[in-house]
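According to my numbering, the sequence shown is numbered sequentially starting from 68.
Okay, so here's the structure we're looking at.
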Amino acid sequence: MPTTTTTTITPEIELDGIPSGSSNTGKTEVGISEPLQDGQQTELDYSTSSGTPRLKGIAIITILTGVSFLNTMGSGILTIALPRLSQDLSLPPNLLLWPASVYALTAGCTLLIFGTVADVVGAKKIWLTGSCLYTMFTLACGLAQTGDQLIAFRTVLGVAIAMCLPSAVSLTTASFERGTWRNIGFACMGMGQPLGYSVGLILGGVFTNTIGWRYGYYISAIINAFLVVGGFLGLPSDKKDGFQLRRLITDIDWVGAICISTSLGLLSYILA
68 MPTTTTTTIT PEIELDGIPS GSSNTGKTEV GISEPLQDGQ QTELDYSTSS GTPRLKGIAI
128 ITILTGVSFL NTMGSGILTI ALPRLSQDLS LPPNLLLWPA SVYALTAGCT LLIFGTVADV
188 VGAKKIWLTG SCLYTMFTLA CGLAQTGDQL IAFRTVLGVA IAMCLPSAVS LTTASFERGT
248 WRNIGFACMG MGQPLGYSVG LILGGVFTNT IGWRYGYYIS AIINAFLVVG GFLGLPSDKK
308 DGFQLRRLIT DIDWVGAICI STSLGLLSYI LA
């Protein structure tokens, strides 16, 4: 009559930090911590996963989100103030939508270019340069005396914000490791754009009917100036690279970038 034999193998598992017993029985005893008593609290680590202090992390997110917020706030102000603005600056009807359109056009055409430049030169340098330009030409929009001046200033604003947006993504990635803080940073930057546009619509109506639409740009420029100072002091520094100029020439398809930017610009101009 056949006989069936069953063999049971019990693996031994060694856990770091747990001393082994005197007898080798193949069993591992794991201590279980006692539950917390009433009123007892655990110590929480408020630093980010990359070692950035909590307050500095909040400051970095606030600075980068602030520029994203002001970006669309100016567009919201312009949308509401456009009828009064066209009267004050004698803007012809065929150019009525160009102050808004040219901003998005130049930003979209140069976004990929400055994203690549930021990877080569350094995200902080590009962000600070774009923020400084944005501050100056936001103030210039408030001081514009003709429609052509406003369109020209808004064109440069589009280039400036194209320098800020991709470099802000790089700065967030460099400041926080993958996890909660990085997610919060990206979420805040995404939230800043629709929130800024909504606030801009409200402020545009208030300023247009009270002190004038120009003050919306003055206030935006002042706030952005503080963000530039905060970014200079608080954003993480770029890594030094001795071959930046050579990479700037070889790593970017300048001919293709210029061709696609020019094509999009001419197409939009013809359709307008």
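Yeah, the Cβ is synthetic: ideal placement off N, Cα and C, and Gly gets one too.
A quick note: this is a predicted structure, and the numbers were derived from the prediction, not measured.
Between which two residues does the alpha helix (DSSP H) holding residue i run?
i           : result
residue 320 : Careful: residue 320 lies outside any alpha helix (DSSP H) and carries neither H nor E.
residue 265 : 247 to 276
residue 172 : 165 to 188
residue 211 : That residue, residue 211, is in no alpha helix (DSSP H); it is neither H nor E in DSSP.
Does DSSP put residue i in a helix, in a strand, or in coil?
i           : result
residue 221 : helix
residue 156 : coil
residue 193 : helix
residue 306 : coil
residue 150 : helix
residue 293 : helix
residue 233 : helix
residue 133 : helix
residue 279 : coil
residue 204 : helix
residue 299 : helix
residue 327 : helix
Just to confirm my understanding: we take residue i, look at its own chain, exclude 5 residues before and 5 after, and list those with CB closer than 6 Å. What are they?
i           : result
residue 130 : 294, 297, 298
residue 229 : 174, 177, 178, 181
residue 324 : 180
residue 292 : 202
residue 284 : 205, 208, 209
residue 135 : 256, 259, 260
residue 138 : 228
residue 197 : 227, 230, 231
For residue i, count the other beta carbons within 10 Å of its own beta carbon; 16 or more makes it buried, fewer makes it exposed. Which is it?
i           : result
residue 221 : buried
residue 305 : buried
residue 321 : exposed
residue 334 : exposed
residue 202 : buried
residue 289 : exposed
residue 276 : exposed
residue 121 : exposed
residue 329 : exposed
residue 185 : buried
residue 245 : exposed
residue 242 : buried
residue 326 : exposed
residue 300 : exposed
Ordered along the chain, which non-local residues of its own chain (more than five positions away) have a Cβ less than 7 Å from that of residue i?
i           : result
residue 314 : 187
residue 204 : 220, 223, 224, 227
residue 166 : 145, 217, 218, 221
residue 272 : 147
residue 268 : 143, 146, 147
residue 253 : 239
Which residues in the same chain have their Cβ closer than 8 Å to the Cβ of residue i, if we skip the five residues on either side of it in sequence?
i           : result
residue 238 : 127, 131, 190, 191, 194, 302, 303
residue 240 : 249
residue 157 : 213, 214
residue 163 : 149, 153
Does at least one heavy atom of the ligand GDP sit under 7 Å from the Cβ of residue i?
i           : result
residue 133 : In terms of ligand content, the structure shown is empty, and the ligand GDP therefore cannot be addressed.
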